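These notes are about the structure you will find just below.
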Amino acid sequence: MSAEKLVYFDKLVFKKPKDFSFFLTASVYNFSFWFNGKRLLVPLEDAIIVLADLGSEIEARVYVSKNRRLEGVDGLGKIVEHVLGLVENLTEFYGIVAKDPLLSPSLETLYGMHIRASQPWIASVIGVCQQNASFRQGWKMFYNFIRVFGKRVSVEGIETYVPPSPSNINENSMDMLLDAGLGYRAKTVVALAKLFAGKQHLNGFDVGSEELEGELLSIRGVGEYTSRLALALSLRDYSKPPIDRWLRRIVAEVYKIDEKSVEREYTRVWGRWSALAALYTTVALDAEPLTKALERIRAGRLRPDPSKISPLTLWKHL
DNA sequence: TGCCAGGCGGGGT
DNA sequence: ACCCCGCATGGC
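1234 is the number of the first residue of the first sequence in the numbering used here; add one for each residue after it.
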């Protein structure tokens, strides 16, 4: 099946904020079909935004499907600002990082890294893929999910994917979800698809974070970890940390506290940046499995290693 | 080969 | 409030 060629719609230019690294923001947790080391492609329903670093500015070229009408460019500007985190001021966050024994060594390396936002439905799928799986297995699952269900399109000579809309996935998708390697998580993804297809406002960046969290938690297979990760990866709401066994153990070790008090202590230290700190931690330790991550902490190797397949280099390998 | 992972829900105490 | 188990799959 050949890729649909998207048509040029419009161009926007943004001033690059001081604490913003285009390369790090484009690199982190990304795939080769959305970032090639130079151009960042942001998929958005039936559109692709091509982003290029112009030094003091960022250019956004918008491409859309032929049969799709886009609302005005004003709305698009807000969306790009949200997706890239151009409006996110990390001064306070870096103030805490500078004093943190685990994250301060990687401050220079990771300075300016913002997390790209995905639509709530996609962020929820990412969360489900991370359940009870290693970093590599989880991201491979999501990669397969996009390749199996996404729509293949081309822009500026690059072939890429637009993620599926929730209405594309239902009970009949089970076999393909299993082929993508989701295992028992497949049912949860079908339930999420049903939720988002039925309540479309939940899939916008302007949905209330408490409402989204409540709806996600009502789904069988979505718990505290997955819903919090989804809030972080879609709404930039970092106030509640997604704490899994990995982070719980690491935080207990570094802060020398009991595992039971990790959430209380982590939220006390990081406040509204808790989930971002959790994500930075995975990047600093290359998302290595727990035993290796603990070894690295003991050895004081707290900076990402560019030779590893990691959150920052995933796009070179998948 | 046979474990076991960056969860979760259900059933036990 | 806890504790414990099974669950699909891939990786080692």
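Quick reminder that beta carbons are idealized off the backbone N, C-alpha and C, glycines included.
Note that the structure is predicted; figures quoted are calculated from it, not measured.
For residue i, the first and last residue of its enclosing beta strand (DSSP E)
| i | result |
| --- | --- |
| glutamate 1392 | 1391–1395 |
| lysine 1384 | 1384–1388 |
| glutamate 1292 | 1290–1297 |
| valine 1283 | 1280–1286 |
| leucine 1274 | 1273–1277 |
Beta-carbon separation (whole angstroms), residue i vs residue j, contact threshold 8 Å
| i | j | result |
| --- | --- | --- |
| valine 1502 | leucine 1343 | Contact flag wrong, Cβ pair sits at about 18 Å. |
| glycine 1310 | threonine 1258 | The pair is not a contact, with the Cβ atoms about 17 Å apart (cut-off 8 Å). |
| isoleucine 1291 | phenylalanine 1255 | 6 Å |
| valine 1381 | glycine 1454 | Actually they are not in contact, since the Cβ atoms of valine 1381 and glycine 1454 sit about 19 Å apart, beyond 8 Å. |
| isoleucine 1348 | valine 1261 | 7 Å |
Test item: CB-CB of residue i and residue j under 9 Å
| i | j | result |
| --- | --- | --- |
| tyrosine 1471 | serine 1507 | yes |
| leucine 1274 | threonine 1393 | yes |
| phenylalanine 1438 | serine 1467 | yes |
| phenylalanine 1242 | valine 1295 | yes |
| alanine 1526 | tryptophan 1479 | yes |
| proline 1353 | leucine 1445 | yes |
| phenylalanine 1264 | isoleucine 1379 | yes |
| threonine 1553 | leucine 1336 | Residue 1553 lies beyond the range of the chain shown here (1234 to 1551); nothing can be said about it. |
| methionine 1407 | lysine 1420 | yes |
| leucine 1245 | alanine 1293 | yes |
| alanine 1413 | asparagine 1365 | no |
| alanine 1331 | alanine 1463 | no |
Coil, strand or helix - residue i by DSSP
| i | result |
| --- | --- |
| valine 1261 | coil |
| leucine 1245 | strand |
| phenylalanine 1266 | coil |
| arginine 1418 | helix |
| glutamate 1521 | coil |
| glutamate 1237 | strand |
| lysine 1251 | coil |
| lysine 1207 | Residue coverage of the chain in this structure runs from 1234 to 1551, which leaves residue 1207 outside it and unanswerable. |
| alanine 1465 | helix |
| isoleucine 1348 | coil |
| serine 1460 | helix |
| arginine 1529 | helix |
| isoleucine 1542 | coil |
| alanine 1366 | coil |
| lysine 1432 | coil |
| proline 1334 | coil |
| isoleucine 1402 | coil |
Contact set for residue i: own chain, Cβ-Cβ below 7 Å, skip 5 residues either direction
| i | result |
| --- | --- |
| valine 1495 | Ile1476, Arg1481, Val1484 and Ala1485 |
| proline 1334 | Val1487 |
| aspartate 1212 | Since the first and last residues shown for the chain are 1234 and 1551, residue 1212 lies out of range. |
| leucine 1323 | Asp1252 |
| phenylalanine 1326 | Trp1506 and Leu1509 |
| phenylalanine 1375 | Val1358, Ile1359 and Cys1362 |
| serine 1367 | Pro1522 |
| lysine 1541 | Asp1519 |
Residues of its chain near residue i, where Cβ-Cβ distance is below 6 Å and the 5 sequence neighbours each way are ignored
| i | result |
| --- | --- |
| glutamate 1237 | Val1386 |
| arginine 1461 | Lys1473 and Pro1475 |
| serine 1400 | Ala1430 |
Range of the contiguous alpha helix (DSSP H) that encloses residue i
| i | result |
| --- | --- |
| isoleucine 1359 | 1353–1362 |
| arginine 1481 | 1478–1488 |
| aspartate 1408 | 1407–1412 |
| histidine 1550 | 1547–1550 |
| glycine 1454 | Unbroken run through glycine 1454: none, as it is neither H nor E. |
| glutamate 1341 | 1340–1343 |
| arginine 1501 | 1495–1503 |
| glycine 1328 | 1324–1331 |
Contact test: residue i Cβ vs the ligand GDP heavy atom, cutoff 8 Å
| i | result |
| --- | --- |
| valine 1330 | As for the ligand GDP, it is missing from this structure, which has no ligand bound. |
Sequence-distant residues of its chain with Cβ nearer than 8 Å to residue i (five each side left out)
| i | result |
| --- | --- |
| leucine 1435 | Pro1353, Trp1354, Leu1428, Phe1429, Glu1444, Leu1445 and Glu1448 |
| arginine 1536 | Pro1338, Ser1339, Thr1342 and Ala1517 |
| leucine 1551 | Phe1264, Ser1265, Trp1372, Lys1373 and Tyr1376 |
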